[in-house]
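Here's the structure we're looking at; comments come further down.
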């Protein structure tokens, strides 16, 4: 069974748009309106990151004996991680390491499937732009999408986008989705700060839970405390306006090492993290204390100070689920 754009659009999760161009299937986490905003706002680094396939999966039921496809990777972050994770009936059975450490690369991948009907989940790379072509389910007589129990929407910075999970399925967002049987749309962008304008009231996705996770970049990028608090408050209030039926949670910044080396006119990092949590609660949001999510030890961070590694994300996801169950 050859899968065309219409087939892939029925089984992709984490994308609001799919289209075919020059024989390749493209996926986007962002609406055309949001992409245009990033073009105007920052035509370089932030715009590039909108093309990353963060938290996207092909999720389906099939009786095929093999999935194969060709892939084209393009740089869409400050990282060059080219990995696919392959799950059969909820168990990871393959991890395809396509990493070439180049800004652009093409390749081919194949994944074996046991005999019979199975639930297949293929995780796309979180930090690269991934397009697929020549997608085939060998020996398949059926293809069915999988309906999840919940819909979650995440916005935030690099940590929520997936920096630095080597296994794409191991980012905290993807772990949470798996544990809670949730479909997710992840619109996190590395280096981003609170910006109410990126919330699209016409988003073709109706989440029951919205998770906001900004703050650590604001600490560095904001010019003063007034701007820092003003941006956050405007975002919280706008989120309540855009998603009136959803529950909304805010994750304040997680542990950050060597903050004494960061000179910020905004204030002291850990004090500001508490202030953001209190502000979120004052705006009617559920606050999850980021300081309680990931161990305060450099071994749990890929860069030793900021971005969790796969091990750090295991704690992040576990503690997030525990906290959100109290919501």
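In our numbering, the protein residues as written are 5 to 331.
Glycine included, every Cβ here is placed at the ideal spot set by N, Cα and C.
Computed from a prediction, not measured in an experiment: that's the story for all the values here.
Once DSSP output is grouped into helix, strand and coil, what is the label at residue i?
{"i": "residue 177", "result": "helix"}
{"i": "residue 303", "result": "helix"}
{"i": "residue 263", "result": "helix"}
{"i": "residue 315", "result": "helix"}
{"i": "residue 157", "result": "strand"}
{"i": "residue 15", "result": "helix"}
{"i": "residue 62", "result": "strand"}
{"i": "residue 6", "result": "strand"}
{"i": "residue 4", "result": "It is not possible to answer for residue 4, since the shown part of the chain is limited to 5 through 331."}
{"i": "residue 325", "result": "helix"}
{"i": "residue 151", "result": "coil"}
{"i": "residue 182", "result": "helix"}
{"i": "residue 37", "result": "helix"}
{"i": "residue 57", "result": "coil"}
{"i": "residue 320", "result": "helix"}
{"i": "residue 43", "result": "helix"}
{"i": "residue 119", "result": "coil"}
{"i": "residue 196", "result": "coil"}
{"i": "residue 257", "result": "coil"}
{"i": "residue 269", "result": "coil"}
{"i": "residue 296", "result": "helix"}
{"i": "residue 202", "result": "helix"}
{"i": "residue 4", "result": "Absent from the model: residue 4. The displayed extent of the chain is 5 to 331, so no value can be given."}
What are the boundary residues of the alpha helix (DSSP H) that includes residue i?
{"i": "residue 244", "result": "229 to 246"}
{"i": "residue 281", "result": "273 to 286"}
{"i": "residue 222", "result": "220 to 225"}
{"i": "residue 164", "result": "162 to 165"}
{"i": "residue 50", "result": "49 to 53"}
Report the partner residues of residue i according to the DSSP bridge assignment.
{"i": "residue 74", "result": "112 and 137"}
{"i": "residue 146", "result": "BP columns for residue 146 are empty, so no partner."}
{"i": "residue 332", "result": "Here the chain covers residues 5 to 331 and nothing more, so residue 332 does not appear."}
{"i": "residue 32", "result": "21"}
{"i": "residue 126", "result": "62 and 90"}
{"i": "residue 79", "result": "132"}
If I follow the unbroken beta strand (DSSP E) through residue i, where does it start and stop?
{"i": "residue 190", "result": "186 to 190"}
{"i": "residue 96", "result": "95 to 101"}
{"i": "residue 290", "result": "290 to 292"}
Take residue i and list the residues in its own chain whose beta-carbon comes closer than 8 Å to its own, dropping the five residues that flank it on each side.
{"i": "residue 185", "result": "152, 153 and 154"}
{"i": "residue 121", "result": "65, 66, 67 and 146"}
{"i": "residue 287", "result": "237, 240, 241 and 244"}
{"i": "residue 324", "result": "176, 180, 255, 292 and 297"}
{"i": "residue 107", "result": "78, 79 and 84"}
{"i": "residue 232", "result": "222, 223, 226, 270, 271 and 276"}
Can you list, in chain order, the residues of its chain with a C-beta nearer than 6 Å to that of residue i? Leave out the 5 residues immediately preceding and following it.
{"i": "residue 115", "result": "71, 90 and 98"}
{"i": "residue 246", "result": "203 and 205"}
{"i": "residue 123", "result": "65 and 93"}
{"i": "residue 52", "result": "80"}
{"i": "residue 100", "result": "88 and 113"}
{"i": "residue 200", "result": "238, 239 and 242"}
{"i": "residue 143", "result": "68 and 69"}
{"i": "residue 290", "result": "253 and 331"}
{"i": "residue 277", "result": "256 and 257"}
{"i": "residue 182", "result": "none"}
{"i": "residue 196", "result": "161"}
Can you tell me the Cβ-Cβ gap for residue i and residue j, rounded? I've got them flagged as a contact below 8 Å.
{"i": "residue 217", "j": "residue 255", "result": "4 Å"}
{"i": "residue 239", "j": "residue 139", "result": "Residue 239 to residue 139, Cβ: 38 Å. No contact."}
{"i": "residue 81", "j": "residue 18", "result": "With a Cβ gap of about 16 Å, residue 81 and residue 18 do not count as contacting."}
{"i": "residue 269", "j": "residue 228", "result": "6 Å"}
{"i": "residue 156", "j": "residue 211", "result": "6 Å"}
{"i": "residue 135", "j": "residue 28", "result": "4 Å"}
{"i": "residue 128", "j": "residue 54", "result": "In fact, because the Cβ distance is near 15 Å, the residues do not count as touching under 8 Å."}
{"i": "residue 192", "j": "residue 219", "result": "Actually they do not touch by this definition, with Cβ atoms about 13 Å apart."}
{"i": "residue 162", "j": "residue 194", "result": "3 Å"}
{"i": "residue 301", "j": "residue 251", "result": "Not confirmed; about 32 Å, so no contact."}
{"i": "residue 126", "j": "residue 166", "result": "With 8 Å as the limit, residue 126 and residue 166 do not qualify as a contact, their Cβ atoms being about 16 Å apart."}
{"i": "residue 1", "j": "residue 178", "result": "In the structure displayed, the chain extends from 5 to 331; residue 1 sits before or after that span and is not available."}
Give me, in chain order, the residues of the same chain whose beta-carbon lies closer than 7 Å to that of residue i; leave out the 5 immediate sequence neighbours on both sides.
{"i": "residue 298", "result": "258, 259, 304, 312, 316, 319 and 320"}
{"i": "residue 8", "result": "none"}
{"i": "residue 171", "result": "87, 89, 99 and 314"}
{"i": "residue 43", "result": "51"}
{"i": "residue 16", "result": "22, 31, 60 and 62"}
Nearest chain C C-beta to residue i closer than 7 Å, yes or no?
{"i": "residue 304", "result": "Chain labels in this structure do not include chain C; a single protein chain is all it has."}
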